[in-house]
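Below you'll find the structure, written out as C-alpha cells, and then a few comments.
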Amino acid sequence: MPLGRPEAGNDVGAFARTVLVEENEHEVVLHVGGSPPLAVWLNEELVWDGRTPHGYHPDADRFSVTLRAGENRLTVFSTWLFHVSID
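This is how it looks when you write it as C-alpha cells:
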C-alpha cells in the first residue's frame, strides 16, 4: 500500500487500522469526517482522499465501497482526528 505523504507541510499524523470480516461480498456506505488531509484505504486501495478543510464533522462525506467475503483491511490517515462509520 503506497502511503507516501498525503500533503506537504504536515509533520505529524495518525494511522488507524481495523479488519472487517464479512460472510458475503456486499456494498456498504462509509461515513467519514476529520481534519484534512484524510485518507481511507480499503484492502490497500485508496478509496477516499479528502483535503477540503471543513473542521471536524463525523459524517462530512459519504461514499460506497464493496466489502468482499472474508477479511477487509480498513486503514485511515489523518493529521489530527477522524471518524469512520459504516451503514
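Those letters in the sequence shown? Residues 16 to 102, per the working numbering, in order.
Don't be surprised by glycine CBs; every beta carbon is placed ideally from N, CA and C.
On a predicted model such as this, the values are computed, not experimentally measured, just so you know.
Within the stretch 34-72, the beta strand (DSSP E) runs of at least 3 residues that lie entirely inside it are, in chain order, 41-49, 53-57 and 60-65.
Taking 8 Å as the upper bound for CB-CB distance, alanine 75 and aspartate 64 are not in contact here, some 14 Å apart. The beta carbon of asparagine 87 sits closer than 8 Å to the beta carbons of Val34, Leu35, Val36, Glu37, Leu57 and Asn58 from its chain, once the five residues preceding and following it are set aside; these are given in chain order.
Here the C-alpha atom of leucine 82 lies approximately 27 Å from the C-alpha atom of tryptophan 95.
Comparing alpha carbon positions, the residue from Pro68, Val62, Val80 and Val27 closest to serine 50 is Pro68. Inter-residue distance for alanine 84 and glutamate 42 is about 11 Å (C-alpha atoms, whole angstroms). The residues Pro73, Asp74, Asp76, Arg77, His98, Val99, Ser100, Ile101 and Asp102, in chain order, have a CB closer than 8 Å to that of histidine 46 in the same chain once the five nearest residues on each side in sequence are set aside.
Collapsing the DSSP output to three states places alanine 31 in a strand.
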